[in-house]
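Q: I have a structure I would like to understand better, so I am pasting it below and will then ask my questions one at a time.
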Amino acid sequence: MKIKYVFLSIFLTIALSLPVFGQKEHADNTKTDTKMLDMSKMMGKPTAEAIVDGLQMKVWIMTQQEHKKMRDEMGMSKTKDTIIEMASAMKNPVLAGTHHIMLDLKDSTGGNEIASAKANVLIVSPSKYNSSVDLKHMMNHFGGAFTLTEKGEYNLKVSVIVGGVTKSTQFKYVVD
82 MKIKYVFLSI FLTIALSLPV FGQKEHADNT KTDTKMLDMS KMMGKPTAEA
132 IVDGLQMKVW IMTQQEHKKM RDEMGMSKTK DTIIEMASAM KNPVLAGTHH
182 IMLDLKDSTG GNEIASAKAN VLIVSPSKYN SSVDLKHMMN HFGGAFTLTE
232 KGEYNLKVSV IVGGVTKSTQ FKYVVD
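If you're matching positions, the sequence shown starts at 82 in my numbering and goes up one per residue.
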């Protein structure tokens, strides 16, 4: 009877330790540094870029289809069902509209991120209709959705409030 327990113990020890030997690496490769992704490396060339009073602003504008594709590639959006996507777009204003804007703010001297800011964008359509969008802070950037229904050249003014001081830059964006 004791021999059965000895063999059973040896068998269980071997069986339960085999997966450890099947691993390719035994080293712990987890990163302890949880540094956020750099938007410039991830997004490529910005739509507009400016340095205003020591504040570096980089702006990317993309269609919602491009934004959705980027989110899918990053693993942020796993839903494939159109009904679920439409429902989430109505609940999540970042997914609404025709276009998405991303704003990266950094201190121009040290390159440090500025998270304690408020940002918005004023949009003037080709027919001179004005609209405004408050940008929401997301991970390491600001973002928001807006609608550009007319074809032509839009004037956009990005305004950022940092420490009670408003800093802004203007640029043009063309919808074909």
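For glycine and all other residues, C-beta sits at the position ideal for the given N, C-alpha and C.
Suppose the cutoff is 6 Å on Cβ atoms and the five residues either side in sequence are ignored; what does the same chain contact list for Ser212 look like?
A: Same-chain partners within the cutoff: Ile204.
Q: Excluding the five sequence neighbours on either side, which residues of its own chain have a C-beta within less than 6 Å of the C-beta of Ala200, listed in chain order?
A: Leu184, Leu216, Phe223 and Val241
Q: In this structure, how does DSSP classify Ser98 when only helix, strand and coil are distinguished?
A: Assigned with DSSP and collapsed to three states, Ser98 falls in helix.
Q: Three-state secondary structure (DSSP) at Tyr210?
A: coil
Q: Rounding to the nearest angstrom, what Cα-Cα distance links Gly125 and Phe102 in this structure?
A: 42 Å
Q: For Ile84, which of helix, strand or coil comes out of DSSP?
A: Three-state DSSP puts Ile84 in a helix.
Q: Using the three-state DSSP reduction, which class does Asp257 fall into: helix, strand or coil?
A: DSSP places Asp257 in coil when its eight states are reduced to three.
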